[in-house]
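Asks: Mind looking over this structure? Questions follow.
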Amino acid sequence: MSTPMGEKDQYKNRIELLQGTLDMLILQTLQWGPQHGYGIVQALRLRSGDVLQVETGSLYPALHRLERQGWVQSEWKQSESKQRARYYRITARGKKQLASDLGRWERIVEAIGSVMYVKPEESES
Amino acid sequence: MKWFPSFGFQRRKRELQEEIDAHLQMAIADRVARGETAESARQAAAREFGNIPLVQDVTRDMWGQALLEQLGRDLRYALRQLRKSPGFTITATAMLAVAICANSTVFSWIDGTMLRPIPGARDTGDLVSLQRGERNFSPTPPFSYLDYRDLREQNRTFTGILAYHHDWITLTGGAQPERVYIANVSANYFDVLGIKPVLGRFFLPDEESRAVPNVVLGYSLWKTRYAKDPAIVGKSIELARHPVTVIGVAPEGVVGAMPGLRDDLWVTLDPLGTDVWRMTHRSGGAVWLNVIGRLRPGVTRGQAAQDLDTAMRHIVAAYPDDHLGDNRITLDPMWRSPFGANGYMAATLPILLAFAAVVLMLTCANVATLTLVRFVARRRELAIRQSLGANRIQLVRQMVLEGVVLSIVAGAVALVLTSWTSKTFAWFFPANSNPIILNGSMDHNVVIGIAVFSLLAGMLCGALPAWRSSHAPAIDVLKAESASISGGSRNRKLLSGLVVAQIALSLPLLLCSALFLRTLRNLAGANPGFERDHILTASVGLNIAGYSHDEEQLIRHKILDRVSALPGVKVVSLTDWIPMTLGHKGEDAYPEGYVPHPHESLQVYHAEVAPRYFESLHIPILEGREFTPDDDEKAPRVLIVDQTAAKRYWPGQDPLGKRLRVWGRLFTVVGVARNSTHIFVNEAPEPMVYMSFFQVGYETIVQVKTEGNPVDLAPAVENAIHEIDPRLPVFDVRPMRESTQVASSFAVIQSALAGMFALIGLVLAVTGIYGVVAYRTQMRTHEIGVRMALGASRVDVLRLVLLQGLWVTGIGLALGLAFALGLTRLIARLLYGIGANDPVTVVSVVMLLGAMSLAACYLPARRAMRRNPVTAIREL
């Protein structure tokens, strides 16, 4: 019983690394309309040009955590292909969260960018 | 927070499964649509998804509800660990069960007596018992009917106030007269208590002071004597040869309002109209009622006492002559009401509960020691689990759970034991003339109590060692194969601390029990000032059997004649009171011409005794004379005072010929008797006046001094009385020695329980120190081997091990002594003939515990000394 505990910790770490970004990506995907878990994976892959591969081991825990935090809501519905699936929909609080996540993300990108693209003369002085 | 997380948990588990299935189905469908075969699509989708159970597991963690599941897992683990070491499990469970049972037993006694003062009554927490004047330990009924009625009508803080007078009477009309316990009660008695009849009705307000011969039967009397006759209401029965009508039956378990004493039936205050005097006066013999009130909601006891005090002051102002002495009103909650048994209970049982709590703490320290040793032995397993990712909280939780499981099992065992031990309380009360119905009760309070005790014990003996063990850094433990030394030193302090605690806790138990045992011996050996051997007493229910006054006097003389003619009888006398049977009669007595100060109470005990009473009990008359047959109703009233009374009323003067005013009449002192015990051997002496039985005697108790064993004469005495009139009720025929045992009941309870607790404490402390010293010596086997190989002698080894134990013992004894001397102050009031810090007792108890601890250290030391150094070094 100690073995799965160890592996579980690994998964947890990976979630932590992606946390924030993954939440933001999921919320952004749901901005375009309610979607199920598989749909979110596909949407992220398509939009990112096959770059972003979300692992199910991160996706479902994240979805359930977002739901617990009240940023998404879920309901069971039939998909176009008559498959019964759980659809997630972003809530008003989720939208607010997305906006603040996005703001933070932009600040980080900007900050990282200003570090990475330093003008040479400035670094010399 | 959800109240039933497990329901939601199962549903959500199913939904998650379904969600993942849907994901897979859609992935497969996509792949098939892209042209893959069904089989390869399924495999690829599954591969892509990953470890399904793991995903479920991690997702479930997000719900924050997996706690229950984890708990179940930890519980199974704890059970498995406990099963692995049955010796520890059984020992620890047994010890905890005994300790919890000690607590729950005493608690069940408190629950059955103090917490349930009036069985069957509603909300007894709102009831208070009224006391007027001087407070003392065993007061007489404090109120007259008129005073009671005024208080009832004038107060603004009570929803109701009831009054009762506890007495006994004969139930006639059957083949044999039967003595039953009866209460004269106010009409609102059952209303105030909140009791409804099972049959018929209770008393009506307008029946209260009128002569209405109605009676309410108690359930058990209805059951035993009238075979639960459903048509009993309206029937006529005979009380003391007077017909009375049954109007109702009280519910099962209702025994009246005096805590610890039983009433068999109830009548109104003057059902036959024969007590008009008592109903229309405010002092003397008219002060005969105990009073209990029910507070209005939101009113405190203090406010109510103030309210009643004001009302009482008005009454005193209106009738000053009837209210000499102290008239302040005090209120007591029923759990410590001085009327009935609870005054005694409140003085005894809480202290015993405190002792039991000490036993529980001691046991927890002992079990914690064992647990700690076990965790040290399991440190490798714990370290491995820690390095595999179990965090400290998880480890602690699992270890604490082992303690909790132990204590839950122990609690269950204690529950079974207590259901029996709770009923043993009645054993402590020998047969006597009081209808004592004290016993423990096993109800939900006790079950909750046991649960609390167990939980506390589980936390104490699980949490401490668990927290300690989880501290061990995993790497060190795994690396150091001979971790015995480093692992041991980490826990050495805690182990020693636990042993110190055990010794420190057992010392006060031993000291208190030694003090109680010596008190008991002193009480038994004390001279009560009167003869208890070769005396037989028998109550004759003359006054309660419906005879006229002249008939009574005639029968009394006949009894004296008949019984003194019996072979083996030395002296016969009559009395209406037996000393040391928890009862006494009190009355205000004033010297002639003395004007008492306002609020001054001059109460004395009184007893009415016939000629030769003092002779038969060997109570010397120091001055003057004993009563003679001439001191009858035609002669001037006389009395004999004891030394205490003589000193109070006429200090430095000759009391003979002086006169006392009692019940408004003057009595002349004709003698002074030596002091003797009235209620308890360890009482503060109260002044006592003896009056002549044939002048003012009421109840009739025949007192026979016998040549041989008084029990042998009992049938002959009973026969002699029945020869006079076969319908005479004779009861409580007992040797004086037996009757007076009830006076030491509480000392017996205290010393028996304290003794048992102390014995448990001693055994636990000694096994505790033995276990720890033996364990630590074993841990040091290797080291001791090295020392011996390097030239240490056997004596050195012995000293090494003994010193270790002696340190711990010494600190434990010092702490224990401080604790004990603090605790004995609490019991000082209950001791007799011995000081609370009696040096001989203190020293012998310390020596006993010290010697036992030393012996417990010596055994492992000797074993270590005898080890072969070579094998010792090899052993790790």
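Just so you know, the protein sequences line up as chains A and B, in that order.
According to my numbering, the first sequence holds residues 9 to 133 in order.
According to my numbering, the second sequence holds residues 5 to 880 in order.
Heads up, the beta-carbon is just placed ideally off N, CA and C, and yes, glycines get one too.
1. Name the chain A residues that come within less than 7 Å of Met66 (chain B), Cβ to Cβ?
2. Would Ala418 (chain B) be called buried (16 or more neighbouring beta carbons within 10 Å of its own) or exposed?
3. State the DSSP-derived secondary structure class of Val216 (chain B), mapped to helix, strand or coil.
4. Below 8 Å CB to CB, which residues in the same chain sit around Arg629 (chain B) once its five sequence neighbours on both sides are set aside?
5. Please report how far the alpha carbon of Thr352 (chain B) lies from the alpha carbon of Met118 (chain B), in whole angstroms.
6. Closer than 9 Å between beta carbons: that is the criterion. Which residues of the stretch 37–68 of chain B meet it against chain A?
7. Taking buried to mean at least 16 other C-beta atoms within 10 Å of its own C-beta, is Gly347 (chain B) buried or exposed?
8. Can you give the beta carbon distance from Val258 (chain B) to Ile199 (chain B), rounded, assuming they're within the 8 Å contact cut?
9. I need the straight-line Cα distance from Thr523 (chain B) to Asn547 (chain B), nearest angstrom please.
10. Would you please verify whether the beta carbon of Tyr46 (chain A) is less than 7 Å from any beta carbon of chain B?
11. Could you give the C-beta distance for Gly809 (chain B) and Leu509 (chain B), rounded to a whole number, given that I count them as a contact under 8 Å?
12. Using DSSP bridges, identify the partner residues of Glu591 (chain B).
13. Whole angstroms is fine: what's the gap from Gly466 (chain B)'s alpha carbon to Gln782 (chain B)'s?
14. Can you say whether Leu527 (chain B) is buried or exposed, counting buried as having 16 or more other CB atoms within 10 angstroms of its CB?
15. When you compare each of B:Val721, B:Ile728 and B:Ser748 to Phe735 (chain B) by their alpha carbons, which one comes out closest?
16. By Cβ distance below 8 Å, which residues in the same chain neighbour Phe53 (chain B) in space, the five residues on each side in sequence not counted?
17. I'd like to know whether the C-beta atoms of Tyr185 (chain B) and Pro439 (chain B) end up nearer to each other than 7 Å.
18. By DSSP, does Tyr96 (chain A) sit in helix, in strand, or in coil?
19. If we cut at 7 Å on Cβ distances, does Gln29 (chain B) have a partner in chain A?
20. Can you tell me which of the three DSSP states Ile333 (chain B) falls into?
21. Can you list, in chain order, the residues of its chain with a C-beta nearer than 6 Å to that of Asn218 (chain B)? Leave out the 5 residues immediately preceding and following it.
22. Tell me which same chain residues have a C-beta within less than 8 Å of the C-beta of Ala315 (chain B), skipping the five on either side of it?
23. If we define contact as Cβ-Cβ less than 7 Å, is Thr64 (chain A) a contact residue for chain B?
24. I'd like to know if the stretch 822–837 of chain B and the stretch 510–521 of chain B are in contact, where contact means that at least 3 CB-CB pairs between them fall below 8 Å.
25. For Ser749 (chain B) and Lys709 (chain B), I'd like the C-alpha separation in whole angstroms.
26. From the DSSP output, which residues share a beta bridge with Met692 (chain B)?
27. Using the C-alpha atoms, what's the distance from Met584 (chain B) back to Tyr149 (chain B)?
28. What are the complete beta strand (DSSP E) segments, minimum 3 residues, inside the stretch 638–699 of chain B?
29. Can you pull the chain A residues whose beta carbon is under 7 Å from the beta carbon of Ala345 (chain B), in chain order?
30. DSSP three-state label for Ser56 (chain A), please.
31. When you compare the CB of Arg53 (chain A) with every CB in chain B, is at least one pair closer than 7 Å?
32. Please return the same chain residues whose Cβ sits closer than 8 Å to the Cβ of Tyr46 (chain A), not counting the five positions on each side in sequence.
33. Quick check: what's the CA-CA separation for Phe823 (chain B) versus Val362 (chain B)?
34. So, Ser500 (chain B) versus Val805 (chain B), is the Cβ gap smaller than 7 Å?
35. Rounded C-beta distance between Pro733 (chain B) and Arg183 (chain B)? I'm assuming under 8 Å.
36. So, helix, strand or coil for Glu52 (chain B), using DSSP?
Replies: Here's the rundown:
1. Against chain A, the beta carbon of Met66 (chain B) has neighbours under 7 Å at Pro69, His72, Arg73 and Arg76, listed in chain order.
2. Residue environment: Ala418 (chain B) is assigned as buried (16 or more neighbouring CB atoms within 10 Å of its CB, all protein chains considered).
3. In the structure shown, Val216 (chain B) sits in coil (DSSP, three-state: anything other than H, G, I, E or B).
4. If we look at Arg629 (chain B) and ignore the five residues flanking it on each side, its Cβ neighbours are Val674 and Gly675.
5. Distance between the alpha carbons of Thr352 (chain B) and Met118 (chain B): 11 Å.
6. Taking 9 Å as the Cβ-Cβ cut-off, the stretch 37–68 of chain B approaches chain A at Glu52, Phe53, Gly54, Asn55, Ile56, Pro57, Leu58, Val59, Gln60, Asp61, Val62, Thr63, Arg64, Asp65, Met66, Trp67 and Gly68, given in chain order.
7. Looking at its Cβ environment, which holds 16 or more other Cβ atoms inside 10 Å, Gly347 (chain B) is buried.
8. Between Val258 (chain B) and Ile199 (chain B), the beta carbon gap of about 6 Å places them in contact (Cβ cut-off 8 Å).
9. Cα-Cα distance, rounded: 39 Å.
10. Yes - at least one Cβ of chain B is within 7 Å of the one on Tyr46 (chain A).
11. Taking C-beta atoms under 8 Å as the contact rule, Gly809 (chain B) and Leu509 (chain B) fail to qualify, at a distance of about 18 Å.
12. For Glu591 (chain B), which the question treats as bridged, DSSP gives the partners B:Val608.
13. Cα-Cα distance, rounded: 24 Å.
14. It counts as buried.
15. Considering only alpha carbons, the answer is B:Val721.
16. Sequence-distant partners of Phe53 (chain B) (beyond 5 residues in either direction) whose C-beta falls short of 8 Å from its own C-beta, in its chain, are Ile24, His27, Leu28, Ala31 and Val59.
17. Going by C-beta atoms, Tyr185 (chain B) is nearer than 7 Å to Pro439 (chain B).
18. Strand, per DSSP.
19. Answer yes: the Cβ-Cβ gap between Gln29 (chain B) and chain A drops below 7 Å somewhere.
20. For Ile333 (chain B), the secondary structure class from DSSP, reduced to helix, strand or coil, is strand.
21. Cβ neighbours of Asn218 (chain B) beyond the five flanking positions: Thr249 and Ile251.
22. So the list reads Asp154, Leu155, Gln158 and Asn159, once near-sequence residues are dropped.
23. Output row for Thr64 (chain A): interface = yes.
24. The stretch 822–837 of chain B, when compared against the stretch 510–521 of chain B, does touch it at the 8 Å Cβ threshold.
25. Straight-line Cα distance between these residues: approximately 25 Å.
26. Paired residues: B:Tyr609.
27. Using only the alpha carbons, I get a separation of about 29 Å.
28. Complete beta strand (DSSP E) runs here, min 3: 642–646, 663–666, 669–677 and 692–696.
29. Here the premise fails: no neighbours, minimum Cβ distance about 58 Å.
30. Of the three classes helix, strand and coil, the one that applies to Ser56 (chain A) here is coil, per DSSP.
31. Judged by the 7 Å Cβ criterion, Arg53 (chain A) is not in contact with chain B.
32. Result list for Tyr46 (chain A): Ala93, in chain order.
33. Looking at the two C-alpha atoms, the distance is approximately 11 Å.
34. Taking a C-beta distance under 7 Å as the contact criterion, Ser500 (chain B) and Val805 (chain B) do not qualify as a contact pair.
35. At roughly 5 Å, the Cβ-Cβ gap stays under 8 Å, so Pro733 (chain B) and Arg183 (chain B) are in contact.
36. The three-state reading of DSSP puts Glu52 (chain B) in helix, counting H, G and I together.
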